[in-house]
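Numbering-wise (this note's numbering), the sequence shown opens with residue 30 and increments by one. We put the beta carbon where it would ideally sit given N, CA and C, even for glycine. Structure first, then comments.
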Amino acid sequence: MSRLLIDIGSTYFKVATSKKIEHYFRNFDISIYEDLTSKSKSLLNNYNKDDIYICSSANGGLSTLIIGLTESFSLKYASNIAYNSGINIIQTILYNNIENESKPTDNIDVVIIVGGIDSNKNIFDKKLIEYLDNINYQNIVYVGSSSEVDFLTSYLQNIVILPNIIDNRLKMYEDDLKNYLVDLYNSNIIGKEDIKELYALTNNQIYSTPYVVNQALPYTNEILDVTDPFIVVDIGGATTDIHYSKELVEDNIITSNEYDRLVFKKLGVYKSADSLVFSAKNNEFVYELLAFLNKTEDLMDKRDTQATILLMQLSIFLVLYKVSHYHKSYLNIKMKSLNSIVFTGGITKVLKYDQIEQIVSFFYKKILNFDTIPNIVIDTNYVLWTLKR
């Protein structure tokens, strides 16, 4: 490898050469640029800017609110595209119920409005504008009937208009919205002041780490002992991502890419630990899991080594639960068909094999009532992100 590869995570950054991968816990008292250059100065000096490649997951992902007309078409289609673009869905709203819907209190990164084929008219009215006036959002995009464009642009000056994702035959057209969301995700990363400073080190585009890992999946068996079909569970400080093959999904209507990904913005172990604990305490099986692990509930609220181990184990359980048939989602993975589960990310620095196996075994045998579990593969040195082509 004549390249220097750098991955900036929410808690660690990694530097890879042809000989080794070095992992550093970030110093949050100084900028990423200062931290990186102080710890890897000699390496950086040995490479030209053209040969340094950087990716980052330090922004923790984007959040979206989706407003649509029907569950079966507009909301389902837009949610599918958003999930597979690495966007975290905070809330979906049926337009007919918008006056009774609760308003998100957090700032929303992007609002998606969708609905109707192009021949449909008089779909939206001022109740949509009134709802939007009372929430905080950064971006807004419309991908519905073209007949509503004039109305929306007259009230929403910053709205981005893209082609309808629903054609006249009720088929999904994904490319424009997916490209917009991926670009927004990447722009959010490189728009961070800490990340923009890193362009002083490279002449190459800085990409999001989930995008890079997704591109690497077809080559996974070059470095890890995996058997298709498999999923990759990437658990870090800010988010938990699942990368999966489309053959594992029954109701996936995305038409391109062999692999896709889901991002769970609120299942990280450090930056989003509070929301992880909230999800755990509200899960119907977690207290049975705690008894199985011989752990008490109060450990979830502590911030020490033992608590971190438990939170990472909970994040494994919750993400498997959320993509199983126990959770209402457009995406349910065929758990019985899985041959391998690859674990990567910050979790590999904390959990041992048996601690991961405990959770997978509990989920498969106690919850799913299966006799066997998939092969567990741990990307111990976190090398998947280095396989980008």
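Can you grab the Cα-Cα spacing for the pair residue i / residue j, in whole Å?
i	j	result
residue 186	residue 91	22 Å
residue 415	residue 34	7 Å
residue 418	residue 60	Here residue 418 scores only 42 on pLDDT, less than 50, and its place in the model is too uncertain to base an answer on.
residue 51	residue 41	10 Å
residue 372	residue 45	19 Å
residue 47	residue 410	13 Å
residue 97	residue 197	17 Å
residue 407	residue 382	8 Å
residue 222	residue 342	33 Å
residue 66	residue 239	24 Å
residue 32	residue 215	22 Å
residue 159	residue 69	52 Å
residue 188	residue 345	38 Å
residue 207	residue 320	42 Å
residue 413	residue 265	14 Å
residue 253	residue 164	45 Å
residue 95	residue 37	30 Å
residue 331	residue 136	27 Å
residue 71	residue 130	56 Å
residue 369	residue 250	11 Å
residue 313	residue 180	45 Å
residue 209	residue 316	41 Å
residue 304	residue 49	35 Å
residue 388	residue 212	35 Å
residue 225	residue 84	12 Å
residue 106	residue 58	42 Å
residue 122	residue 100	9 Å
residue 156	residue 162	10 Å
residue 263	residue 311	23 Å
Can you give the beta carbon distance from residue i to residue j, rounded, assuming they're within the 8 Å contact cut?
i	j	result
residue 177	residue 152	5 Å
residue 73	residue 230	6 Å
residue 110	residue 203	5 Å
residue 93	residue 116	5 Å
residue 81	residue 233	7 Å
residue 392	residue 349	5 Å
residue 112	residue 360	7 Å
Name the DSSP bridge partner or partners of residue i?
i	result
residue 369	259, 404
residue 85	37, 237
residue 201	195
residue 337	Its beta-bridge partners do not exist; DSSP assigns none.
residue 142	96, 171
residue 120	94
residue 189	170
residue 137	166
residue 379	Answer is none; residue 379 lacks a bridge partner.
residue 362	278
Check the Cβ-Cβ distances between residue i and every residue of chain B, and say whether any is below 7 Å.
i	result
residue 403	Among the protein chains of the structure shown there is no chain B, as only one such chain exists.
What I want to know is whether the C-beta of residue i ends up closer than 6 Å to one or more non-hydrogen atoms of the ligand HEM.
i	result
residue 375	Summarising the ligand content, the structure contains no ligands, and the ligand HEM is consequently not present.
Taking contact to mean at least 3 C-beta pairs separated by less than 8 Å, is the region 324 to 331 in contact with the region 74 to 84? no
Is the region 363 to 371 touching the region 397 to 408, taking contact as three or more C-beta pairs under 8 Å? yes
Quick one: complete alpha helix (DSSP H) runs, 4+ long, within the region 34 to 71? 61 to 68
Are the region 349 to 356 and the region 233 to 247 touching by the rule of at least three beta carbon pairs closer than 8 Å? no
Return the chain-ordered ranges of every beta strand (DSSP E) run that is complete within the region 212 to 236 and spans a minimum of 3 residues. none
Count the C-beta pairs between the region 165 to 180 and the region 125 to 142 that are closer than 8 Å, then say yes if the count reaches three, no if not. yes
For the region 268 to 275 against the region 245 to 259, do three or more pairs of beta-carbon atoms, one drawn from each stretch, fall closer than 8 Å, so that the two count as touching? yes
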